[in-house]
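Going left to right, the sequence shown walks through residues 1358 to 1750 as the working numbering numbers them. Report on the structure given below.
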Amino acid sequence: MKRSIRDLASVEGKRILLRADFNLPMDKVGRITDTTRLVSELPTIRYLVERGAKVIICSHLGRPKGFDFRLSLWPIALLLMKYFPGKVQFAHKVVGEKVAEQVASMSNGSILLLENVRFYKEETENDPEFAKQLASLADIYVNDAFGVAHRKHASTFGVARLLPNAIGFLMENEINSITEAIKNPRKPFVAIFGGAKVQDKIKAILNIAKSADCILIGGAMAYSFLVAQGLTVGQSLINAESVSSASQILEELSAAGKRIVLPVDHLAYNLGDKKMKPFATETLSGDMVGADIGPKTIKLFEQEIKKARQIIWNGPLGKYEDKNFQEGTFAIAKQVAKAKAYSIVGGGDSISAVKQAKCEKLINHISTGGGATLKLLGGEPLPGIDVIQEKYI
Ligand code: ADP
Ligand code: MG
1358 MKRSIRDLAS VEGKRILLRA DFNLPMDKVG RITDTTRLVS ELPTIRYLVE RGAKVIICSH
1418 LGRPKGFDFR LSLWPIALLL MKYFPGKVQF AHKVVGEKVA EQVASMSNGS ILLLENVRFY
1478 KEETENDPEF AKQLASLADI YVNDAFGVAH RKHASTFGVA RLLPNAIGFL MENEINSITE
1538 AIKNPRKPFV AIFGGAKVQD KIKAILNIAK SADCILIGGA MAYSFLVAQG LTVGQSLINA
1598 ESVSSASQIL EELSAAGKRI VLPVDHLAYN LGDKKMKPFA TETLSGDMVG ADIGPKTIKL
1658 FEQEIKKARQ IIWNGPLGKY EDKNFQEGTF AIAKQVAKAK AYSIVGGGDS ISAVKQAKCE
1718 KLINHISTGG GATLKLLGGE PLPGIDVIQE KYI
């Protein structure tokens, strides 16, 4: 078990370098469209502020190449000021003398937000000198940036090796919810996978399959499974790599005696005249493109979801961005929300779909990680977590 901020003896007057994930989504003109990631970070910041720590926050935003004012963290400093009036300062750099001076003038219980750490190429290179400069600003390092825990960057990995360290509440919550659900699942445990690329999710599917009782597959990835079983899918979205990953999964799952449920019908459209129609799986061919699970599949999945005591879901079951093809994903979101099961939903698009279906409040754990969530589900190492010291040493 990793050391959490709760385990730190006293933080009063201590300089804490908090790696947060303030990579908030923005529209084309740079307006922040969703503050969930910032709001989820507030409990950790509050905990430290209330205990009189000097909280130096570091984050990335987007993928800048060098300084780019459109990706400055200044608008996020303004947002933070609303939650912590009179306590927030902004540093226009991440390291250097000027920043060190600002840190030196911090009072207990105040916050200093550093500029976008990815303005420095040394960050993604995990440059040791840059990590050293970052470490020199603080007494303790706290990583709460779950979204980048799979990255070996200076601010997520390098700096952790140079300071006493701990994880924050958000990270702790993600690790506890997900690892516990995989290690000690409530049974029956139903896993639902969708989305487009099987190859991105192969490790997660295989790892979850070890403890799941039943795996439901929908979305574009279902077509790779159907092709792997020798069926035709018309012009539905598949690729060679996905089909070969699907074959591997089918083989391993059948060897382990696991149940995998594939769609029996689809909402498909014709590539030529765009006419939509429900199709049974065996009749999908020619110019038809499967874009959502059909009504019979929704019923079939519902029977499994109803029985479940634990559900993990990643990946929309259809092209949910298009109004014509959101029914399957939204229906399953409602069923998962209604089920008597402990539910976990992960993945950017899956979360967005669950929110659009107005079901997010009834999901037990919404995992914010994207790539990090898939790695954790896959039982793969996450450098940003592994580098943190254990609770008992
Ligand atoms: P998440 O972000 O939740 O991990 P993914 O990124 O893997 O999910 O997959 C989401 C994408 O998959 C969406 O853009 C959705 O439109 C697409 N998708 C799902 N089903 C289909 C389908 N049948 N045909 C085409 N695209 C699909
Ligand atoms: Mg996605």
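The beta carbon of each residue, even a glycine, is placed where N, CA and C say it ideally should be. Quantities reported herein were computed from a predicted structural model and do not represent experimental measurements.
Per-residue DSSP class, three states only, for residue i
i, result
"V1590", "coil"
"F1550", "strand"
"G1728", "helix"
"K1422", "coil"
"I1745", "coil"
"S1361", "strand"
"M1756", "As shown, the chain starts at 1358 and ends at 1750. That puts residue 1756 outside it, with no answer to give."
"V1621", "coil"
"M1528", "helix"
"G1647", "strand"
"V1452", "coil"
"G1515", "helix"
"K1695", "helix"
"N1483", "coil"
"G1441", "In the sequence on display, residue 1441 carries Phe and not Gly. Coil at F1441, not helix or strand."
Residue i and residue j closer than 8 Å at C-beta
i, j, result
"G1675", "T1686", "yes"
"A1694", "I1720", "yes"
"P1652", "F1514", "no"
"R1543", "Y1699", "yes"
"R1372", "I1413", "yes"
"L1520", "A1502", "no"
"I1362", "N1522", "no"
"G1672", "F1550", "yes"
"G1419", "T1725", "no"
"L1334", "I1535", "Since the first residue of the chain shown is 1358 and the last is 1750, residue 1334 is not available in this structure."
"T1638", "L1563", "no"
"A1410", "E1369", "yes"
"L1374", "Y1498", "yes"
"A1538", "Q1692", "no"
"R1376", "N1500", "yes"
"D1384", "R1394", "no"
"N1380", "S1416", "yes"
"G1647", "Y1580", "yes"
"R1427", "G1387", "yes"
"R1475", "P1432", "no"
Buried versus exposed call for residue i [16 or more other C-beta atoms within 10 Å across all chains shown]
i, result
"N1473", "buried"
"F1424", "exposed"
"L1471", "buried"
"G1443", "exposed"
"Q1660", "exposed"
"V1451", "buried"
"T1654", "buried"
"F1658", "buried"
"E1747", "exposed"
"D1364", "exposed"
"R1518", "exposed"
"M1578", "buried"
"M1358", "exposed"
"P1738", "exposed"
"K1732", "buried"
"V1396", "exposed"
"D1679", "exposed"
"N1681", "exposed"
"A1612", "exposed"
Residues near residue i by beta carbon distance below 6 Å, same chain, minus five either side
i, result
"L1610", "A1566 and I1617"
"D1391", "P1382"
"E1589", "The amino acid occupying residue 1589 in the given sequence is Thr; Glu does not appear at that position. Once the five neighbours on either side are set aside, the close Cβ partners of T1589 are S1642."
"Q1490", "V1452"
Contact test: residue i Cβ vs the ligand MN heavy atom, cutoff 7 Å
i, result
"S1568", "In the structure on display, the ligand MN does not appear, and the ligands it does have are the ligand ADP and the ligand MG."
Same chain only: Cβ atoms within 8 Å of residue i, ignoring 5 sequence neighbours per side
i, result
"D1644", "G1591, Q1592, N1627, L1628 and G1629"
"S1604", "A1585"
"G1322", "An answer regarding residue 1322 cannot be provided, because it is not within the stretch 1358 to 1750 covered by the chain."
Expected contact under 8 Å - CB spacing of residue i and residue j to nearest Å
i, j, result
"Y1754", "A1729", "Outside the modelled stretch of the chain, which goes from 1358 to 1750, sits residue 1754, for which no answer is possible."
"I1650", "G1552", "Not confirmed; about 13 Å, so no contact."
"A1665", "P1545", "5 Å"
"I1559", "I1606", "6 Å"
"I1468", "V1547", "The Cβ separation is near 42 Å, so there is no contact."
"I1402", "I1532", "Not a contact, Cβ separation roughly 19 Å."
"A1506", "M1528", "7 Å"
"V1445", "L1494", "So it is not a contact: roughly 16 Å between Cβ atoms."
Beta-carbon proximity list for residue i, same chain, < 7 Å, skipping 5 on both sides
i, result
"I1723", "V1702, I1708 and E1717"
"A1690", "A1710, V1711, A1714 and C1716"
"N1483", "K1509, H1510, A1511, F1514 and G1515"
"K1634", "A1625"
"Q1556", "E1598, S1599 and S1602"
"G1727", "G1504, G1704 and G1705"
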